[in-house]
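Undergrad:
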């Protein structure tokens, strides 16, 4: 039932409604809509937006009623080919449809609810809903979705660029550090050359037997001529 409700929640017009009936209702009172379909399985819908219809429920074999949501069960009563709207308010002033299901929903009757002549005049001037064209609805839905997607993609792109930049910076630092280590490892051990200075000359020691030392002065006692 949940899947059926989700599917019927966004039902687009499947075919043009054959008859459009204006129904006058008093606010705060109940109003009954009678469908002209002679079938065992009748579907009821209300229009929430142009070409966008919300499923109310269905009658099976004109004796059993299945409501598509708790709100529908509290607001409407389906019996046979009739739909009773309880305590009509301004929110209920809209189009209602009944149809039968073949491959798609075929809408046979449409009911336009109004409360006074002014509303009736406005309703008559309004364009009658015709065969569905989901393009407008898709465009309205696609606009915010596209904007959100663009924001997300832009944020992801900026985040990716920042991450790549930080990663490159870390890689450059690691590469410089590794290069410095490799250069230090490849640097040969310093070699020292031994420089020898010439030996300091030893001062010559004068021998006591030097020839000058042996030289003797003439004896003063020698005879003088």
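In mature numbering (1 follows the signal peptide of the UniProt record, and there is no 0), the protein residues as written are -17 to -1, 1 to 208. Positions of the beta carbon are idealized from the N, C-alpha and C atoms, including for glycine. Since we're looking at a predicted model, the values are computed, not measured.
(1) Would you kindly report the start and end of the unbroken alpha helix (DSSP H) that includes residue 58?
(2) Candidates 68, 45 and 183: which alpha carbon is nearest residue 10's?
(3) CB residue 5 to CB residue 77, shorter than 7 Å?
(4) By alpha-carbon positions, which one of 8, 135 and 89 ends up nearest to residue 74?
(5) Tell me where the beta strand (DSSP E) around residue 24 begins and ends.
(6) Have a look at residue 57 and residue 46 and give me their C-alpha separation to the nearest angstrom.
(7) Would you report the Cα separation of residue 97 and residue 132, rounded to the nearest angstrom?
(8) Evaluate residue 155 with the Cβ neighbour count: other Cβ atoms within 10 Å of its Cβ, from every protein chain shown; 16 or more gives buried, anything less gives exposed.
(9) Assuming residue 23 contacts residue 44 (C-beta within less than 8 Å), just tell me the rounded distance between them.
(10) Is residue 48 helix, strand or coil when you go by DSSP?
(11) Would you kindly check if the distance between the Cβ of residue 41 and the Cβ of residue 26 is under 7 Å?
(12) Bridge partners of residue 61, per DSSP?
(13) Could you give the distance in angstroms between the alpha-carbon of residue 113 and the alpha-carbon of residue 81?
(14) Does DSSP put residue 8 in a helix, a strand or coil?
(15) Buried or exposed for residue 54, please, with buried defined as at least 16 other CB atoms from any protein chain shown within 10 angstroms of its CB.
(16) Given a cut-off of 7 Å on the beta-carbon distance, is the pair residue 16 and residue 66 in contact?
TA: Reading it off the structure:
(1) In the chain shown, residue 58 corresponds to position 75, counting from 1. Taken as a continuous stretch (DSSP letters only), the alpha helix (DSSP H) holding residue 58 covers 53 to 58.
(2) In the chain shown, counting from the first residue as 1, residue 10 sits at position 27. That would be 68, whose Cα lies nearest to the Cα of residue 10.
(3) Taking the first residue of the chain shown as position 1, residue 5 is located at position 22. Taking the first residue of the chain shown as position 1, residue 77 is located at position 94. Not in contact: residue 5 and residue 77 (Cβ atoms no closer than 7 Å).
(4) The count along the chain shown starts at 1 and reaches residue 74 at position 91. Here the closest residue by C-alpha is 8.
(5) Locating residue 24 in the chain shown gives position 41, where the first residue counts as 1. Taken as a continuous stretch (DSSP letters only), the beta strand (DSSP E) holding residue 24 covers 24 to 32.
(6) Position 74 of the chain shown holds residue 57. Position 63 of the chain shown holds residue 46. Their Cα atoms are separated by approximately 18 Å.
(7) Locating residue 97 in the chain shown gives position 114, where the first residue counts as 1. Locating residue 132 in the chain shown gives position 149, where the first residue counts as 1. In a straight line, the C-alpha of residue 97 is about 41 Å away from that of residue 132.
(8) Stepping through the chain shown from its first residue, residue 155 is reached at position 172. Exposed, since its Cβ has fewer than 16 Cβ neighbours within 10 Å.
(9) Residue 23 sits at position 40 when you count from the first residue of the chain shown. Residue 44 sits at position 61 when you count from the first residue of the chain shown. Sure, about 5 Å apart at Cβ, within 8 Å.
(10) Counted from its first residue, the chain shown places residue 48 at position 65. Three-state DSSP puts residue 48 in a strand.
(11) Your numbering for residue 26 matches position 43 in the chain shown. Your numbering for residue 41 matches position 58 in the chain shown. In contact: residue 26 and residue 41 (Cβ atoms closer than 7 Å).
(12) Counting from 1 along the chain shown, the entry for residue 61 is found at position 78. Note: residue 61 sits in a beta bridge opposite 66.
(13) Here residue 113 refers to the residue found at position 130 when the chain shown is read from its first residue. Here residue 81 refers to the residue found at position 98 when the chain shown is read from its first residue. Only weak support exists for where residue 113 lies, its pLDDT of 43 falling under 50; the value from the coordinates is given anyway. Distance between the alpha carbons of residue 113 and residue 81: 15 Å.
(14) Along the chain shown, read from residue 1 onward, the residue named residue 8 stands at position 25. Residue 8 carries a coil assignment under DSSP once its states are collapsed to helix, strand and coil.
(15) As a first step, residue 54 must be located in the chain shown, where it is residue number 71. By the C-beta density criterion, residue 54 is exposed, having fewer than 16 other C-beta atoms within 10 angstroms.
(16) Numbered from its first residue, the chain shown carries residue 16 at position 33. Numbered from its first residue, the chain shown carries residue 66 at position 83. Residue 16 places its beta carbon less than 7 Å from that of residue 66.
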